[in-house]
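Protein chains in written order, with UniProt numbering: chain A, 1 to 216; chain B, 1 to 462. Using N, Cα and C, we set each Cβ at its ideal position, and we do this for glycine too. Model, not experiment: these values are computed from the prediction. Notes follow once the structure below has been shown.
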Amino acid sequence: MERERQVSCPQCGAPAPFRGTAVSLVCEHCGSTVVRTGVDLRLLGRVSAVVDDGSPLLLGGKGSFAGRGFELVGRLQLRYARGAWSEWYLQFADGVGWLADFQGNYAVTTPVAGGPELPGFYNMAIGTWHEVQGGEHMVVDKRAARYQGAEGVLPFVAEPGLTFFSLDLAGPDDQFVSLDYGVDPYGTRPAVYLGRAVELAELGLDRLRRFEGWRD
Amino acid sequence: MTEATPEVTRPRPAEATPRRLFRDEARTEAVQCLACGGPVALRGFGAIQRVVCPACGSLLRPEDSGALALIHRAARAHQESVLPLHARGRLDGATWEIVGICWRTVPGWPWQEFLLYNPYRGYRYLAYSTNDGHWSLGQVIPGAPKIVPGKRHAITYRGRRYRHFSGADAYVTYAEGEFPWQVQVGDAAHIDDFVAPPHGISIEEVAASDGVELTRTAMRHLDATEVWRAFEQPGKPPKQKGVGMLAPNRWREQALSLWLSCLVLLVAWYFAVQHVSAGASEREVFQATDLRFDGVLSQEVTIGEPGSSTTVEISFTAYPLDNSWAFAEVVLIPIDGEEAIGLGMEASSYSGFEDGESWSEGDRQVDHVLGRVAGGRYLLQVTPERDTSALAANDPLGLRLGTFGPFGVRSPDTWAIRVREDVFLTRYATLPVPIILGFPLLAWLLGRRRERKRWAGSDYGT
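What follows is the structure in structure tokens.
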């Protein structure tokens, strides 16, 4: 594995462990957001505050999905009217992925290059079926969400306050598709993330958060 | 929903220091209701959106800081649910805690929904139908059920077909505890229930200002005693009445195995009958033909072996027989015994042409089988009678309107009798068939009755 260049947080001097193609990092020690552009580091300040959404996952946890090991290297927390949820940034040995984490429901997805041309966000009605990546999927969740906060490293700069639009689709065999329209609900080429729903237990995470009064 | 400017409690101490990335244990808390001052236990950890004070029903919202904000002051009385808030139980191999209780109703069908929580497994929905005492356990499913094309609304998911049971708006009538959604008394949601007892899928549309979600919940029937045992409740659960929406139908579940065993028994029966009938010798004891009607037949016959019994078949026929009848009184008198066997046998044949259709009825030959006839010597006596309406003797004027008297009527001139022993008893052989078929048919009828009761409560009930 490629050895990362050691960099430090411009705010507090603590190590800033950027890895892979990560673009932004929230300093574990002072909470500042640090953005990497080439070899330059830019300080965005303390813009991120992850709120407790009750997730049992922990940054730095290691597990595996479909026989491939991963580490939870970053967390993007989003908020909408019905609550907050987290998208965990997964670093596999040979790529990246996301783990959606909402109220005890989990799904692992990986980005798909060159997604299909689809109707805009507002024209995708709930309960309708669409062909994505060779399979029929039904729109089951439609929402506009705000970036709430982040932890660890992320492949983009998550600026709190921005509203972005996304849809979740489900397949008949538990396939999970996330369509990310970004900040433009009228776009017709959303970023496509493809994967499936998972049980927390099958990820075999080496560490989980502790909850008072609970053991399993 | 209008949310007044919140009154806020002081931040919880844990919020004052920066989180060390959630590495500390998440704590439960005991706070006071901002409206009534009553105790409120917070056991749902971070994902909670609304807290409803169990005592007064006031609606509270956890802020990001961890503090509680009062968003709706209420003064309703606490109501007892069938299970208490914060009870723990074991279901599906895991421990669950009731963190929220929500009473919901579609007109006429109220139920109590218990929100079960385990921080490592998420949420389950335990529902208790107040009217009939039936229970079900629900879990959100990741997949999308497919709609089955057809007249009756149905869906399939993971190879199972679910039929639409009902679709209605459900209203929240009471709530207490913690919820990861924005519960409020009076909230309405459209719910469609699909059933494949003891399983079901419920599809609920949840709309909010910034989006809409279609939640799919897989449900399965739970026995009331199972729930009571899981939550270690004292005494007995409320009695279950009628056929719940997801109540299992044992008659239906066992239909296949019943029909299969029925098939096996029928095959066994068929071979047994073949075997027994092949073993019957059907020996002729006596036969006489071309007998006239003016005499009585009296003949000594030997039937079977002395000391054992056999089956005897007596056949009687007469000729010609058109729209006419012949009768024989047959008596078997044992020469060395006492009890005579007597029987009357009528051969007849009628036919005609009526309303453009021809019809016929009667038997030209009648067979009668006697079971368990003791072996030995017998005197066979046959006294014949006949229909004489079409005989020459009844035509004293000699008009001879037709060769055979009234048109199309021919009275018999001769008769015949045959006696055979060791014949195969068809009537006993067929006896097991209705019994073999009876069990699955009965199960089918009972199963159908149960389904009718179930569906009477659906959108499709009569």
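Residue i versus chain B: which residues are under 9 Å apart at the beta carbon?
i      : result
A/A197 : I141, P142, G143
A/D173 : G143, R158
Along chain B, which residues have their Cβ under 7 Å away from the Cβ of residue i?
i                      : result
A/P56                  : P119, Y120
residue 219 of chain A : Here chain A has residues from 1 to 216 only, and residue 219 of chain A is not among them.
A/G127                 : L214
A/K62                  : Correct list: empty, because the minimum Cβ distance to chain B is about 15 Å.
Please return the same chain residues whose Cβ sits closer than 7 Å to the Cβ of residue i, not counting the five positions on each side in sequence.
i      : result
A/L194 : T109, T110, V112, Q133, V177
B/D322 : S349, G408, V409, R410
B/A30  : P39, A41
B/T225 : P237
B/K241 : D132, G133
A/P185 : G120, F121, Y122, F165
B/T130 : P110, W111, Q112
Just the chain A side, please: which residues come within less than 7 Å of residue i by C-beta, in chain order?
i      : result
B/Y123 : Q103, G104
B/S209 : A81
If you run the structure through DSSP and keep just helix, strand and coil, what is residue i?
i      : result
A/I126 : coil
B/G46  : helix
B/Y319 : strand
B/E451 : helix
B/S136 : strand
B/G438 : helix
B/Q233 : coil
B/S309 : strand
A/L162 : coil
B/L266 : helix
B/P432 : helix
B/A456 : helix
B/E25  : coil
B/G402 : Here the model assigns B/G402 a pLDDT of 47, short of 50, so the residue's position is not dependable, and the following value carries that caveat. B/G402 falls in the coil class under three-state DSSP.
A/V45  : A small fix is needed here, since residue 45 of chain A is Gly in this sequence, not Val. In this structure, A/G45 counts as strand in the three-state DSSP scheme.
A/Q11  : coil
B/V40  : strand
A/E202 : helix
B/S209 : coil
A/H29  : coil
A/F18  : coil
Strictly by DSSP, which residues pair up with residue i?
i      : result
B/S351 : B/S360
A/K62  : A/E71
B/E384 : It is worth fixing the name first, because residue 384 of chain B is Pro in this sequence and not Glu. In the DSSP output, where bridge partners are listed per residue, B/P384 has B/A328.
A/D168 : A/D141, A/S178
B/W111 : B/R104, B/S129
B/R420 : B/E284, B/E313
B/K146 : B/T156
B/F194 : B/H164, B/I201
B/W96  : B/G89
Taking the beta strand (DSSP E) that residue i belongs to, which residues open and close that run?
i      : result
B/Y128 : 122-129
B/E176 : 160-179
B/V31  : 29-32
A/G38  : Unbroken run through A/G38: none, as it is neither H nor E.
A/W98  : 95-102
A/W85  : 83-92
A/R189 : Taken as a continuous stretch (DSSP letters only), A/R189 belongs to no beta strand (DSSP E), as it is neither H nor E.
B/A55  : Element bounds for B/A55: n/a, residue is neither H nor E.
B/G244 : Careful: B/G244 lies outside any beta strand (DSSP E) and carries neither H nor E.
B/Q299 : 297-303
B/A374 : 365-374
B/H72  : 68-72
B/R61  : 59-62
Could you give the first and the last residue of the continuous alpha helix (DSSP H) run that contains residue i?
i      : result
A/G208 : Before going on, a small fix: residue 208 of chain A reads as Leu here, not Gly. Per DSSP, A/L208 belongs to no alpha helix (DSSP H) and is neither H nor E.
B/R427 : 426-429
B/E253 : 250-253
Keeping to the same chain, check which residues put their C-beta closer than 6 Å to that of residue i; ignore five residues upstream and five downstream.
i      : result
B/Q381 : S298, V331
B/R427 : none
B/K239 : G133
B/E421 : R283, V285, I303, G304, T310, V312
List the residues of chain A whose Cβ lies closer than 8 Å to the Cβ of residue i, in chain order.
i     : result
B/R27 : E212
Note down, in chain order, each residue of its chain lying with its Cβ closer than 8 Å to the Cβ of residue i, except the 5 sequence neighbours on either side.
i      : result
B/R160 : A196, H199
A/A14  : S8, C27, E28, H29, C30
Taking Cβ-Cβ distances shorter than 8 Å, what residues in chain B pair up with residue i?
i      : result
A/H137 : A144
A/D52  : R19, F22, A26, F45, G46, G66
A/G83  : A47, Q49, P180, W181
A/A107 : P142
A/F176 : P142
A/R14  : Note that residue 14 of chain A is Ala in the sequence shown, not Arg. None at all; the shortest Cβ gap to chain B is about 13 Å.
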